[in-house]
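Visitor:
Protein chains: 2
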Amino acid sequence: MQLRMTNQREIILRELKKSKAHLAADELYDLVKKIMPRISLATVYRNLEILSEAGLIGKLEISGRQKRFDFDVSDHDHIYCTVCHRVDNLNIERKGMDSEQLGAEVGYTITGYRVEIIGICPDCQKKGKKMEKKQ
Amino acid sequence: MQLRMTNQREIILRELKKSKAHLAADELYDLVKKIMPRISLATVYRNLEILSEAGLIGKLEISGRQKRFDFDVSDHDHIYCTVCHRVDNLNIERKGMDSEQLGAEVGYTITGYRVEIIGICPDCQKKGKKMEKKQ
DNA sequence: CTCCGTGCAAACGATTTGCACTATG
DNA sequence: CATAGTGCAAATCGTTTGCACGGAG
Numbered sequence: 057m058q059l060r061m062t063n064q065r066e067i068i069l070r071e072l073k074k075s076k077a078h079l080a081a082d083e084l085y086d087l088v089k090k091i092m093p094r095i096s097l098a099t100v101y102r103n104l105e106i107l108s109e110a111g112l113i114g115k116l117e118i119s120g121r122q123k124r125f126d127f128d129v130s131d132h133d134h135i136y137c138t139v140c141h142r143v144d145n146l147n148i149e150r151k152g153m154d155s156e157q158l159g160a161e162v163g164y165t166i167t168g169y170r171v172e173i174i175g176i177c178p179d180c181q182k183k184g185k186k187m188e189k190k191q
Numbered sequence: 057m058q059l060r061m062t063n064q065r066e067i068i069l070r071e072l073k074k075s076k077a078h079l080a081a082d083e084l085y086d087l088v089k090k091i092m093p094r095i096s097l098a099t100v101y102r103n104l105e106i107l108s109e110a111g112l113i114g115k116l117e118i119s120g121r122q123k124r125f126d127f128d129v130s131d132h133d134h135i136y137c138t139v140c141h142r143v144d145n146l147n148i149e150r151k152g153m154d155s156e157q158l159g160a161e162v163g164y165t166i167t168g169y170r171v172e173i174i175g176i177c178p179d180c181q182k183k184g185k186k187m188e189k190k191q
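Next up, the structure:
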């Protein structure tokens, strides 16, 4: 099964990288549609899946919501806003965590791990304060 | 808004605790239906939400499609099997992680964080080996 | 007797799939 | 020219909601 670099695949990849954000499929679809108006949402889904399997982008399965896709494939963690569901990158020093050993204790073979910090992003904090005043 | 301890709520809570597992709503629904056959799936969803808001159970919004609910409300992390989607408890020493400070660096107000180890559980490792032999 | 909770069915949002057609390598 | 990829619509999966009725406090 070889990958063909189709026009739609190329644009999807390029627009995600260009956005420098952690977009969900439908958000990226809106961007890509501006360039290629007849593209289908299914194609965006299919390609995001394929590109992440190929290691060209990252897949973020956070919080049982929409999957988001990461333009940055280097090793890093994420911080998640519970209000607007935005995701930002984070650099955590992962000292003192031996995931292999922890997994071994419960009989698991470890393939990776994920640290996710949860909070409220700067924008939503501002909006929250406005709301308070109104009420 | 006070909580009423209805029959269905009591059974849902009891069966989750009894299972000692991280069940998804439909799995718990199957269990509870054996005891109260006319219960509706919507009731299970509503109660799981309410019980987790009340702090009587934990809600897990980790990888995978479904939310899972935790019989154990004490502070701990989780390990997730990518093959069967099962979740187990884990005790990680969270040394060397100052989530407050990390959040502050990107302007977030932190409400919590989540560490999730990802791998393949003992059962699926066994099954995997069987599959290999067959092929 | 007051509302919170329930069952049911329908609605919903995100994602996937079957199909016939298109176009890459 | 074989076969991976596409667009479209319908299907699916997990979850939520509106509504009229039922039962806990």
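If you read the sequences in order, they're chains A and B. Each step along the first sequence adds one to the number in our numbering, with nothing skipped, and position 106 is 162. Each step along the second sequence adds one to the number in our numbering, with nothing skipped, and position 69 is 125. All C-beta atoms, glycine included, are put in the ideal place defined by N, C-alpha and C. Fair warning: this is a prediction, and the values are worked out from it, not measured in the lab.
Which same chain residues, not among the five before or five after B/Glu149, have their C-beta less than 7 Å away from its C-beta?
Guide: Taking the second sequence and counting its residues from 1, the one referred to as residue 149 of chain B is at position 93. Hits under 7 Å: none found.
Visitor: At which residues does the alpha helix (DSSP H) containing A/Glu172 begin and terminate?
Guide: What you label residue 172 of chain A is simply residue 116 of the first sequence in a count that begins at 1. Where A/Glu172 is concerned, there is no enclosing alpha helix (DSSP H), although the beta strand (DSSP E) it sits in stretches over Thr165 to Ile176.
Visitor: Is B/Cys180 helix, strand or coil when you go by DSSP?
Guide: Here residue 180 of chain B refers to the residue found at position 124 when the second sequence is read from its first residue. Helix at B/Cys180.
Visitor: Just the Cα atoms here: how many angstroms apart are A/Val129 and B/Leu84?
Guide: Stepping through the first sequence from its first residue, residue 129 of chain A is reached at position 73. Stepping through the second sequence from its first residue, residue 84 of chain B is reached at position 28. Straight-line Cα distance between these residues: approximately 37 Å.
Visitor: Whose CA, out of B/Val139, B/Gln64, B/Arg102 and B/Phe127, lies closest to the CA of B/Glu119?
Guide: Against the second sequence, residue 119 of chain B aligns to sequence position 63. The sequence shown places Ser at residue 119 of chain B, not Glu. The shortest C-alpha separation from B/Ser119 is found at B/Val139.
Visitor: Closest to B/Asn145 by CA distance: which of B/Ile95, B/Glu109 and B/His78 is it?
Guide: Numbered from 1 along the second sequence, position 89 holds the residue referred to as residue 145 of chain B. For the residues B/Ile95, B/Glu109 and B/His78, the minimum Cα distance to B/Asn145 belongs to B/His78.
Visitor: Please state whether the Cβ-Cβ distance between A/Arg102 and B/Glu172 is less than 8 Å.
Guide: What you label residue 102 of chain A is simply residue 46 of the first sequence in a count that begins at 1. What you label residue 172 of chain B is simply residue 116 of the second sequence in a count that begins at 1. Taking 8 Å as the Cβ cut-off, A/Arg102 and B/Glu172 do not qualify as a contacting pair.
Visitor: In this structure, does DSSP put B/Gly111 in helix, strand or coil?
Guide: Along the second sequence, one-based indexing puts residue 111 of chain B at 55. If DSSP states are grouped into helix, strand and coil, B/Gly111 belongs with coil.
Visitor: Please list the partners that B/Arg170 has in chain A, where partner means a Cβ-to-Cβ separation under 7 Å.
Guide: Counted from its first residue, the second sequence places residue 170 of chain B at position 114. Near B/Arg170 (Cβ distances below 7 Å), the residues of chain A are Glu172 and Ile174.
Visitor: Can you tell me whether A/Val88 is helix, strand or coil according to DSSP?
Guide: Working through the first sequence from its first residue, we reach residue 88 of chain A at position 32. Correct three-state label for A/Val88: helix.
Visitor: Could you run through the stretch 114-125 of chain B and flag, in chain order, every residue whose CB is less than 8 Å away from some CB of chain A?
Guide: Per Cβ criterion, the list reads Glu117, Ile118, Ser119, Gly120, Arg121, Gln122 and Lys123.
Visitor: Let me know if A/Ser9 comes out buried or exposed under the rule of 16 or more other beta-carbons within 10 Å of its beta-carbon.
Guide: Within the shown structure, residues of chain A are numbered from 57 to 191, placing residue 9 of chain A beyond reach of any answer.
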